[in-house]
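Chains as they are written, first to last, in this note's numbering: chain A, 35 to 350; chain B, 35 to 350.
For reference, the structure discussed in these notes is given below.
There are 2 protein chains.
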Amino acid sequence: ADQNALSEAADRNGQLTKPPGALGRLEDVALWYASWRGEAAPQISAPQVIIFAGNHGVTAQGVSAFPAEVTAQMVMNFEHGGAAINQLAKTFGASLNVHALDLDRPTADFTEGPAMTEAEVVAALQTGWNAVDANADVLVTGEMGIGNTTSAAAIGAALLGGAAADWTGRGTGVDDAGLANKTRVVEQGLAANAGRDGLEVLRKLGGRELAAMVGAIARARFGQIPVILDGFICCAAAACLEKEEAGALDHCVAGHLSAEGAHEKLLAGIGKEPLLSLGLRLGEGSGAALALGVLKAALACHSGMATFAEAGVSDA
Amino acid sequence: ADQNALSEAADRNGQLTKPPGALGRLEDVALWYASWRGEAAPQISAPQVIIFAGNHGVTAQGVSAFPAEVTAQMVMNFEHGGAAINQLAKTFGASLNVHALDLDRPTADFTEGPAMTEAEVVAALQTGWNAVDANADVLVTGEMGIGNTTSAAAIGAALLGGAAADWTGRGTGVDDAGLANKTRVVEQGLAANAGRDGLEVLRKLGGRELAAMVGAIARARFGQIPVILDGFICCAAAACLEKEEAGALDHCVAGHLSAEGAHEKLLAGIGKEPLLSLGLRLGEGSGAALALGVLKAALACHSGMATFAEAGVSDA
């Protein structure tokens, strides 16, 4: 982050025609955004949403309410413009790219060993890295992958500790028996995969779409592109990066608090306060895309408002 | 609200390509909006933001951190496009109208008797009523008026009970001594004005911009135009209407929870759960305009998404 830009942005913020602090968190995120863009009064004009899709071997254990074919079907839906994320990206003027990662070759079932080989996780990281548009001025990373709340629960438990049951939720909507089974699967995954390093956990308990999100988030950092994190799965992936290097998510803001129960613990683990809390639990980057509206509004105010002097308004 | 439209909208919602309930509160507000528009799959294409400005005799008691001249100065700022609400309206594609109500003739100081005569409150209600564009498809009512958190605090206490201190906050930023003085002023206003009917409270403790918001909210109801309520002052005005007739705010959603301390109690008093909570305390309709982004997104999803059948996606 650029401390000069931050300081200039803070000076500007203090002169805008409003009582000090009256725009609340909009002021905080505007300053944070300005510091990462290296400009005192930046605009948001080129948001990019990227959805990564992957399939999970662990679906063989019956962890989802939906069949694994739905991953590929939803990729078609994204491409045809029919999903929630299509409408959200359009509403807030974002480009939308979809990357399906080897859907016909699911990861290995992590109850029996690592989900991915080193070559596989590196390939997925690279797909994510390369998917970022260098000209984007804010990035949303979303995902689709039947079974991936199971993966995210295992990652949360591996990185942050606690029992499998504390991290396992209903995902797309499993019943009580399904939840008990899913919890057992997470426990088995933790038992079958030693090692608690960030990137090792990503490889062993994650999935291709999670690794791709990690690659994209890392790439955004090098391009001074602020990132809005989505829900449980996106934050599980991001937590692997933070665990690998503290501060690696300083260019990221949490878009929302998901209704998937353990998301709050995951956000606390990466030290992020969500912008929105509207009970979403869809993935696809939907909560982050919704928060894009808030971030755009924050920068529109910060960079577009008149100062007291410009407007001839008396200060307090 | 149109129960047929609501039922058709709920049917549609159940067929969209997402797990049931996965869009959380976006689904609730989409159905609420559809019921008030009388359409199963409506779009939002013509949002209107109206700011009403008024001056308050009670500013003679030193209740604000800013001088009373700032009301007129901010009206100029709205007209020149320099305020926060201008940037927010532009961000979310809303038209913006500004109505200054007799700024050179402040209301009477309510510590000495009613703020307005009957003719004055009726004129302000009419201004609000007439300001609504019959072709708008959602309405945000905002306000500007130095001294009006004092008025809103007195209204809250009069309508919902409790001590003046429970309802009085720092507004644009008074210090401890200022807060003590403001609390005394609210107490005196309550003592000087008997009668706890909704519209009587509005006349005696309110202001022209509050009455105009009431007129606009009532007019919107007759035009099937859903309303997004803003913060403390807007909700105090709206509460007068609800007190006059229970259910009068059923066509309204609460846009946000303000940082002005008593807003939460006021929202509870009118039975509304805010969409956003971002620490805003600016007025001008700013919190409601920010929530307009959420409402637009909700309807874009509801009316734009493909169904499982259309997209060829397997249901759970």
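Don't be surprised by glycine CBs; every beta carbon is placed ideally from N, CA and C.
Predicted model only: the values in this text are computed from it and were never measured.
Classify residue i as buried or exposed, calling it buried when 16 or more other Cβ atoms lie within 10 Å of its own Cβ.
i	result
residue 79 of chain A	exposed
residue 214 of chain A	exposed
residue 76 of chain A	buried
residue 256 of chain A	exposed
residue 113 of chain A	exposed
residue 185 of chain A	buried
residue 53 of chain A	buried
residue 37 of chain B	exposed
residue 149 of chain A	buried
residue 129 of chain B	exposed
residue 169 of chain A	exposed
residue 245 of chain B	buried
residue 279 of chain A	exposed
residue 177 of chain B	buried
residue 308 of chain A	buried
residue 101 of chain B	exposed
residue 139 of chain B	exposed
residue 302 of chain A	exposed
residue 322 of chain A	buried
residue 264 of chain B	buried
residue 205 of chain A	buried
residue 153 of chain A	exposed
residue 281 of chain A	exposed
residue 68 of chain A	buried
residue 305 of chain B	exposed
residue 252 of chain A	buried
Kindly give me the distance between the Cβ atoms of residue i and residue j, rounded to whole angstroms, as I take these residues to be in contact under 8 Å.
i	j	result
residue 81 of chain B	residue 275 of chain B	That pair is no contact at about 21 Å.
residue 180 of chain B	residue 131 of chain B	21 Å between Cβ atoms; not a contact.
residue 192 of chain B	residue 242 of chain B	18 Å between Cβ atoms; not a contact.
residue 57 of chain A	residue 335 of chain A	6 Å
residue 351 of chain B	residue 167 of chain B	What is shown of chain B runs 35 to 350, which leaves residue 351 of chain B out entirely.
residue 254 of chain A	residue 173 of chain A	5 Å
residue 45 of chain B	residue 94 of chain B	Wrong, their Cβ atoms sit about 58 Å apart, outside the cutoff.
residue 87 of chain B	residue 187 of chain B	Not confirmed; about 19 Å, so no contact.
residue 332 of chain A	residue 137 of chain A	37 Å between Cβ atoms; not a contact.
residue 175 of chain A	residue 247 of chain A	4 Å
residue 99 of chain B	residue 207 of chain B	5 Å
Pull the bridge partners of residue i from the DSSP assignment, please.
i	result
residue 86 of chain A	A:133 and A:177
residue 288 of chain B	B:263
residue 81 of chain A	A:172
residue 300 of chain A	In DSSP, residue 300 of chain A forms no bridge with anything.
residue 310 of chain A	A:290
residue 50 of chain A	A:341
Could you check which residue in the options has the C-alpha nearest to that of residue i?
i	options	result
residue 151 of chain A	A:237, A:315 and A:40	A:237
residue 260 of chain A	A:266, A:48 and A:288	A:288
residue 211 of chain A	A:97, A:329, A:57 and A:245	A:97
residue 47 of chain A	A:36, A:64 and A:35	A:64
residue 349 of chain A	B:306, B:104 and B:339	B:104
residue 110 of chain A	A:123, A:133 and A:92	A:133
residue 250 of chain A	A:188, A:190, A:153 and A:164	A:164
residue 189 of chain A	A:147, A:300, A:74 and A:265	A:300
residue 146 of chain A	A:330, A:126, A:120 and A:226	A:226
residue 120 of chain B	A:343, A:345 and A:339	A:339
residue 317 of chain B	B:61, B:267 and B:91	B:267
residue 219 of chain B	B:235, B:202, B:207 and B:206	B:202
residue 73 of chain B	B:61, B:41, B:49 and B:51	B:41
residue 285 of chain B	B:43, B:294, B:157 and B:66	B:66
residue 126 of chain A	B:341, B:342, B:298 and B:329	B:329
residue 195 of chain A	A:221, A:183 and A:283	A:221
residue 223 of chain B	B:305, B:206, B:282 and B:197	B:197
residue 272 of chain A	A:310, A:235, A:124 and A:99	A:235
residue 233 of chain B	B:207, B:200, B:291 and B:158	B:158
If you measure beta-carbon to beta-carbon, which residues of the segment 51-73 of chain A are closer than 7 Å to chain B? 51, 52, 53, 54, 56, 57, 58, 59 and 60
Going along the segment 322-345 of chain B in order, which residues come within less than 7 Å of chain A, judged by CB to CB distance? 324, 327, 328, 330, 331, 334, 335, 338, 339, 340, 344 and 345
Within 8 Å of chain A by C-beta, residues of the segment 299-315 of chain B in sequence order: 309, 310, 311, 312, 313, 314 and 315
Chain-ordered residues of the segment 99-114 of chain B with a beta carbon less than 9 Å from chain A: 99, 100, 101, 103, 104, 107, 108, 110, 111 and 114
To be precise: take each residue of the segment 189-213 of chain B, compare its Cβ to all Cβ atoms of chain A, and keep it if any distance is under 7 Å. Which residues remain? 206 and 207
Along the segment 271-299 of chain B, what residues have a CB closer than 7 Å to any CB found in chain A? 293
Interface residues of the segment 122-133 of chain A facing chain B [CB-CB below 9 Å]: 122, 124, 125 and 126
Looking at chain B, which residues of the segment 74-87 of chain A have a Cβ within less than 8 Å of any of its Cβ atoms? none
Please name the residues in the segment 235-262 of chain A whose beta-carbon is closer than 8 Å to at least one beta-carbon of chain B, in chain order. Cβ contacts with chain B come from no residue of the segment 235-262 of chain A.
Positions along the segment 167-180 of chain B whose CB lies within less than 8 Å of some CB in chain A: Taking 8 Å as the Cβ-Cβ cut-off against chain A, none of the residues of the segment 167-180 of chain B qualify.
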